[in-house]
Structures are given as structure tokens and as C-alpha cells.
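Asker:
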Amino acid sequence: MADLEARVAELGRAPVTSGQMSDRVSTMLSLATAEAESIRDSAHATADRIRAEAEEDAWRLREAAGSELADVRGSAEAIRAEHTAVLDAARARAREIILAAERDARRLDDEAARRRQEIDEDHRLASDLRRSETLREVTRQHDASMAAAATTRREAEEEARRIVDDAHRRADQLVSRARRHVDDLRVLRERVLDDLGAIRAKLEPVPGTGDDVEFDLPEEPDLNSSDG
Numbered sequence: 001m002a003d004l005e006a007r008v009a010e011l012g013r014a015p016v017t018s019g020q021m022s023d024r025v026s027t028m029l030s031l032a033t034a035e036a037e038s039i040r041d042s043a044h045a046t047a048d049r050i051r052a053e054a055e056e057d058a059w060r061l062r063e064a065a066g067s068e069l070a071d072v073r074g075s076a077e078a079i080r081a082e083h084t085a086v087l088d089a090a091r092a093r094a095r096e097i098i099l100a101a102e103r104d105a106r107r108l109d110d111e112a113a114r115r116r117q118e119i120d121e122d123h124r125l126a127s128d129l130r131r132s133e134t135l136r137e138v139t140r141q142h143d144a145s146m147a148a149a150a151t152t153r154r155e156a157e158e159e160a161r162r163i164v165d166d167a168h169r170r171a172d173q174l175v176s177r178a179r180r181h182v183d184d185l186r187v188l189r190e191r192v193l194d195d196l197g198a199i200r201a202k203l204e205p206v207p208g209t210g211d212d213v214e215f216d217l218p219e220e221p222d223l224n225s226s227d228g
């Protein structure tokens, strides 16, 4: 290349004859051809470097997105498991409360029945007036016992409903957080796709190289969760 440039400079200083002109033209054509080859070689090297960098960036982005998706799926599974555990615990607790209330109600009924039997035995030995007063007391106590049992059962059912409602609320919060996390991952996926588009834009064919050169980028990562 340097020899050709020196030859062109030498011919430019010498008197021009037809033979020298032909030599000058031939030398200039050789110089132009060599310069074109140098430009093409440099362009190919630049294109190869850009393609290698783009492929490396694309793989790195896909691996990062895949790792994030795996984390989100793991979190979603953990949230579903915790949701199920919370609801199961709430239902079990509600059943325990209702069963305890029913046991208390039966115990109160048994105590009232036993007192009625005791009072009936006393009635046989007491006067009509005594029996009348005692029966009224038994009736009052029975009514009070039934009212207490109903109150206990109602309070137990309200407590059970409160526990189940609280469990549903906590589960809904957990699911909402998981959905927000998945939405964040979808935004990340769009950003990765935008970056891949920008990388493709950088890999346009280099002018002056004859046929257009196309570069195949890695396939876009599949970020659609199979969990819905």
C-alpha cells in the first residue's frame, strides 16, 4: 500500500508521457483496489465484532430474564402453598370453635336436664306451692341455659367467620403481590425485546461489500408463564 502511494507520488512529479500516463492510471487503479480491500476488511472486522457483542448481550439478557422468571414461578408456588395452608388452618380453627360451642351447649343442656330431674325428685316430697315455685325456677334456669348456649354458639360462629375472612384477606394480599411481581417481569420482558430490536438495528448490512450480510440473533426467550 505504501509502495503504491510512493509510486503515484513519483509519477505525479515526472513529466507526463502517454506511457507514463498509462503507468500512472494503472498504479492509481491498483492503489484504489488495495484501499477498497482494506476498507472492506476493516468493515468485516467491525461487523464481526458488533455481531459478537450483540450475541453476548442477547444471551446475557435472556439468561437474566429466565432466572427472574424462575424466581417468580418459585415465589408463586410458595404463595399458593401458603394460601392453602392459611385457609386450611382457618377452616380447622373454625371447626374447633364450632365443636367446642356445640360441646358447651350439650353440657349446659345436660346440666339443665340433671337439675330438672333433681327438682322433680324434690317435687314429689314438697307441697304444691313448693313444686310450683321450683318449676318456675327450673324453667327460668333452663331458659337462661339455652340462652347462654345460643350466645356461646353465635359467638363461636362469628369468631370462625372472622378467622376465615382474615385468612382470605391475607391470601388475597399474597396473590396480589405475586401478580405485581409477574407484571414487573412482563415489563422486563418488553425491555429485553426492545434491547434485542436495537441490537438488530445496529447489525444493518455494511455498504460496499457486495451481497448484504445478515446476522442471526439468538431466539427470543419464552417468558410466558405456563402457570397463567
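In our numbering, the protein residues as written are 1 to 228.
Ideal Cβ positions, reconstructed from N, Cα and C, are used throughout, including at glycine.
Here the structure is a predicted model, which is why all the values come from computation and not from measurement.
#1: Where residue 121 and residue 171 are concerned, what is the direct C-alpha to C-alpha distance, given to the nearest angstrom?
#2: Identify, in the order they occur along the chain, each residue of the same chain with its Cβ nearer than 6 Å to the Cβ of residue 206, setting aside the five sequence neighbours on each side.
#3: Can you give me the Cβ contacts of residue 72 inside the same chain, cut-off strictly under 6 Å, excluding the 5 residues immediately before and after it?
#4: Unbroken alpha helix (DSSP H) runs of length 4 or more, entirely within the segment 35-80: which are they?
#5: Roughly how many angstroms lie between the CA atoms of residue 32 and residue 49, to the nearest whole one?
#6: Which residues in the same chain have their Cβ closer than 7 Å to the Cβ of residue 94, if we skip the five residues on either side of it in sequence?
#7: For residue 116, tell me which candidate among 98, 141, 105, 107 has the shortest Cα-Cα distance.
#8: Can you round the beta-carbon distance between residue 41 and residue 199 to whole angstroms, since I take them to be within the 8 Å contact cut?
#9: Check each candidate in 74, 90, 139 and name the one with the smallest Cα separation from residue 166.
#10: To which residues of the same chain is residue 202 closer than 7 Å at the C-beta, ignoring the five residues directly before and after it?
#11: For my contact list, residue 188 and residue 83 are in at a C-beta cut-off of 8 Å; report their separation, rounded to the angstrom.
Answerer: Short version:
#1: Translated into positions along the sequence shown, residue 121 becomes position 121. Translated into positions along the sequence shown, residue 171 becomes position 171. Between residue 121 and residue 171, the C-alpha separation is close to 57 Å.
#2: In the sequence shown, residue 206 corresponds to position 206, counting from 1. Bear in mind that the predicted position of residue 206 carries a pLDDT of just 45, short of 50, making it too unreliable to give a figure here.
#3: Reading the sequence shown from its first residue, position 72 is the one you call residue 72. Excluding sequence neighbours, residue 72 sits near 181, 182, 185.
#4: none
#5: By one-based count along the sequence shown, residue 32 stands at place 32. By one-based count along the sequence shown, residue 49 stands at place 49. Spanning the two alpha carbons is a distance of roughly 26 Å.
#6: As a position in the sequence shown, residue 94 is number 94, starting the count at 1. Excluding residues within five positions, the ones whose Cβ falls inside 7 Å are 160, 163, 164.
#7: Stepping through the sequence shown from its first residue, residue 116 is reached at position 116. Nearest of 98, 141, 105, 107 to residue 116, Cα basis: 141.
#8: On the sequence shown, position 41 is the one that residue 41 refers to. On the sequence shown, position 199 is the one that residue 199 refers to. 24 Å between Cβ atoms; not a contact.
#9: Here the question's residue 166 lines up with position 166 in the sequence shown. When only C-alpha atoms are compared, the closest one is 90.
#10: As a position in the sequence shown, residue 202 is number 202, starting the count at 1. Around residue 202: 50, 54.
#11: Counting from 1 along the sequence shown, the entry for residue 188 is found at position 188. Counting from 1 along the sequence shown, the entry for residue 83 is found at position 83. Actually they are not in contact, since the Cβ atoms of residue 188 and residue 83 sit about 25 Å apart, beyond 8 Å.
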